[in-house]
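A.B. asks: Protein chains in written order, with my numbering: chain W, 1 to 195; chain L, 1 to 160. Here it is, the structure in full.
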Amino acid sequence: MNRYFWVLGAFIALVVLLAVGLNLNPRDVPSPLVGKPAPAFRLAVLGQEGQTMGPEDLKGKVWLFNVWASWCVSCRQEHPVLVDFARRGNGTPIVGLNYKELRGDGAIDMRRVPAEQEVPLALERASGWLKTHGDPYLLTVMDIDGRVGIDYGVYGVPETYVIDKTGIIRMKHTGPISPQILNEKILPLVAELNK
Amino acid sequence: MKPFFSSLLLVLGLISGPVFASATNEAALADDPVAEKRLQELSKELRCLVCQNETIAGSNAELAVDLRREIRGMIRDGRSDREILDFMVTRYGDFVLYRPPVKGITLLLWVGPLALLLIGIIAMRSYLKRRSSQVASASRPLSADEARRAEALLKEMNDK
Chain W
1 MNRYFWVLGA FIALVVLLAV GLNLNPRDVP SPLVGKPAPA FRLAVLGQEG QTMGPEDLKG
61 KVWLFNVWAS WCVSCRQEHP VLVDFARRGN GTPIVGLNYK ELRGDGAIDM RRVPAEQEVP
121 LALERASGWL KTHGDPYLLT VMDIDGRVGI DYGVYGVPET YVIDKTGIIR MKHTGPISPQ
181 ILNEKILPLV AELNK
Chain L
1 MKPFFSSLLL VLGLISGPVF ASATNEAALA DDPVAEKRLQ ELSKELRCLV CQNETIAGSN
61 AELAVDLRRE IRGMIRDGRS DREILDFMVT RYGDFVLYRP PVKGITLLLW VGPLALLLIG
121 IIAMRSYLKR RSSQVASASR PLSADEARRA EALLKEMNDK
């Protein structure tokens, strides 16, 4: 009797282990960047010719950094949440990082795009997308070749970072932000960081 | 004859597409054989975060291609293997390494299988011990009475 008790116990332990393990999202890789300064960059601003922007420009503010692209299907799902967030306007700026607007699009054969046309075409597509879906961003910077994305450990668009007043990354969310994640995780964190 | 040729062309087209595609990739790889060998060795140690069961060496995902380009650049800049792996870990965490370092959070990963093996060996030993004592107690010699009965049964069988 005692023996069966042990076997049953071991079996239940295994089931619990597998149930927990298999329900973990393998895409949810903890970012080593949380708690570290936001990597520096200086990129061209969409729609403002000649303008550039970097994280140090927003020192003293809590802000969201949202990675998006017009070819990214989940971004479309997430976008209304961001637009809503911006409209409710608690003054928290969202900066967009347009990630590989052309090069990331599987439908585009980059060998057929002349090098000098890449940037104008990317700008056109990105601003077109914002016109159609709404623009919640304070501004969007263009990461044409994805180098800045690599510095931020981007591996699936959309991704969102919460960056505090001193420029430290306080949270990273991979995948689309749902209203639930916005209300339960991001808004409380932003409120606390703004104190 | 005509349909034969057109189907032949079609087949050739299907085959040559991928061949040409990989040929352009290989051309990029071939310009510095030593650096490329290092790139291959290094990127075999690294997990592609998009298709998580592939190495960065083996994956054709966008990100893997970009990361190979980054690593190639770092090799050209004369960075050490350690520096290159650190570059990856600061961005993507220990998860990017197929052989993560032994530390608190990865301890279960390293020790877990050994611990399970150990538990298995202990369980098997205790089971075998119990079983052999059961077998020993079951295989005592027959009593005189039982021997007589067995004898009788065997005799009965032989007589039939």
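Note that the Cβ used here is the ideal one computed from N, Cα and C, for glycine as well.
Have a look at the DSSP bridge pairing and note the partners of methionine 142 of chain W.
C.D. replies: Paired residues: W:Asn98.
A.B. asks: Which first and last residues belong to the beta strand (DSSP E) in which arginine 91 of chain L is found?
C.D. replies: Looking at the DSSP string, arginine 91 of chain L is not in any beta strand (DSSP E); the run it does join, the alpha helix (DSSP H), is 81–92.
A.B. asks: Keeping to the same chain, check which residues put their C-beta closer than 6 Å to that of proline 100 of chain L; ignore five residues upstream and five downstream.
C.D. replies: If we look at proline 100 of chain L and ignore the five residues flanking it on each side, its Cβ neighbours are Asp94 and Thr106.
A.B. asks: In the DSSP assignment, find the alpha helix (DSSP H) that holds arginine 170 of chain W and state where it starts and stops.
C.D. replies: Counting along the chain, arginine 170 of chain W falls outside any alpha helix (DSSP H), though it belongs to the beta strand (DSSP E) covering 169–174.
A.B. asks: Start and end of the beta strand (DSSP E) containing tyrosine 127 of chain L?
C.D. replies: No beta strand (DSSP E) contains tyrosine 127 of chain L, which is instead part of the alpha helix (DSSP H) from 107–138.
A.B. asks: Grab me the residues of glycine 146 of chain W's own chain with a C-beta within less than 8 Å of its C-beta, minus the 5 sequence neighbours each way, in chain order.
C.D. replies: Taken in chain order, the residues that qualify are Tyr99, Lys100, Arg103, Gly104 and Val154.
A.B. asks: Does the Cβ of proline 37 of chain W have 16 or more other Cβ atoms within 10 Å, making it buried, or fewer, making it exposed?
C.D. replies: Proline 37 of chain W should be labelled exposed.
A.B. asks: Tell me, which residues are paired with glutamate 159 of chain W by DSSP?
C.D. replies: For glutamate 159 of chain W, which the question treats as bridged, DSSP gives the partners W:Val67 and W:Thr174.
A.B. asks: What I want to know is whether the C-beta of aspartate 159 of chain L ends up closer than 7 Å to one or more non-hydrogen atoms of the ligand PLP.
C.D. replies: As for the ligand PLP, it is missing from this structure, which has no ligand bound.
A.B. asks: Who are the neighbours of arginine 91 of chain L on chain W, taking C-beta pairs under 8 Å?
C.D. replies: Chain W residues near arginine 91 of chain L: Pro32, Leu33, Ile150, Asp151, Tyr152 and Gly153.
A.B. asks: Quick check: is the beta carbon of valine 119 of chain W nearer than 8 Å to any beta carbon in chain L?
C.D. replies: False, the Cβ-Cβ gap to chain L never drops below 8 Å.
A.B. asks: Beta carbon of glycine 198 of chain W, beta carbon of phenylalanine 41 of chain W: below 8 Å?
C.D. replies: Nothing in the structure corresponds to residue 198 of chain W, since chain W is present only between 1 and 195.
A.B. asks: Tell me whether the stretch 65–77 of chain W and the stretch 160–168 of chain W touch, counting them as touching only if at least three CB pairs, one residue from each stretch, are closer than 8 Å.
C.D. replies: Enough Cβ pairs lie closer than 8 Å, so yes.
A.B. asks: Helix, strand or coil for alanine 40 of chain W per DSSP?
C.D. replies: Reduced to three states, the DSSP call for alanine 40 of chain W is coil.
A.B. asks: When the distance is taken between beta carbons, is isoleucine 150 of chain W closer than 8 Å to arginine 76 of chain L?
C.D. replies: Not a contact, by the Cβ cut-off of 8 Å.
A.B. asks: Would you decide whether lysine 160 of chain L is buried or exposed? Buried here means 16 or more other CB atoms lie within 10 Å of its CB.
C.D. replies: Flag for lysine 160 of chain L reads exposed.
A.B. asks: Whole angstroms are fine: how far does the CA of leucine 58 of chain W sit from the CA of phenylalanine 87 of chain L?
C.D. replies: Taking the straight line from one Cα to the other gives about 26 Å.
A.B. asks: Can you tell me which of W:Gly156, W:Val113, W:Ala10 and W:Ala13 puts its alpha carbon nearest to the alpha carbon of glutamate 62 of chain L?
C.D. replies: With distances taken between Cα atoms, glutamate 62 of chain L lies closest to W:Gly156.
A.B. asks: Which residues share a DSSP beta bridge with methionine 53 of chain W?
C.D. replies: Methionine 53 of chain W pairs with W:Leu43.
A.B. asks: Does DSSP put threonine 166 of chain W in a helix, a strand or coil?
C.D. replies: Correct three-state label for threonine 166 of chain W: coil.
A.B. asks: Could you give the DSSP three-state label for leucine 193 of chain W: helix, strand or coil?
C.D. replies: Helix.
A.B. asks: Determine which residues of the stretch 61–84 of chain L have a Cβ less than 8 Å from any Cβ of chain W, and write them out in chain order.
C.D. replies: Going along the stretch 61–84 of chain L in chain order, one finds Glu62, Leu63, Asp66, Leu67 and Glu70 with a Cβ nearer than 8 Å to chain W.
A.B. asks: Between which two residues does the alpha helix (DSSP H) holding cysteine 75 of chain W run?
C.D. replies: Looking at the DSSP string, the run of the alpha helix (DSSP H) that includes cysteine 75 of chain W is 73–88.
A.B. asks: If you pair each beta-carbon of the stretch 56–75 of chain L with each one of the stretch 39–47 of chain L, do three or more pairs fall below 8 Å?
C.D. replies: With a cut-off of 8 Å, the stretch 39–47 of chain L and the stretch 56–75 of chain L count as touching, because enough Cβ pairs lie within range.
A.B. asks: Any idea what DSSP makes of leucine 130 of chain W, helix, strand or coil?
C.D. replies: Of the three classes helix, strand and coil, the one that applies to leucine 130 of chain W here is helix, per DSSP.
A.B. asks: With 16 other CB atoms within 10 Å as the buried threshold, where does serine 132 of chain L fall?
C.D. replies: Serine 132 of chain L should be labelled exposed.
A.B. asks: Give, in chain order, every residue of the stretch 108–120 of chain L whose Cβ lies closer than 8 Å to some Cβ of chain W.
C.D. replies: The residues in question: there are none.
A.B. asks: Sort W:Ile94, W:Cys75, W:Lys172 and W:Gly21 by Cα distance to histidine 133 of chain W and report the nearest one.
C.D. replies: Per the Cα distances, W:Cys75.
A.B. asks: Going by the DSSP bridge assignment, what does threonine 55 of chain L pair with across the sheet?
C.D. replies: In DSSP, threonine 55 of chain L forms a bridge with L:Arg47.
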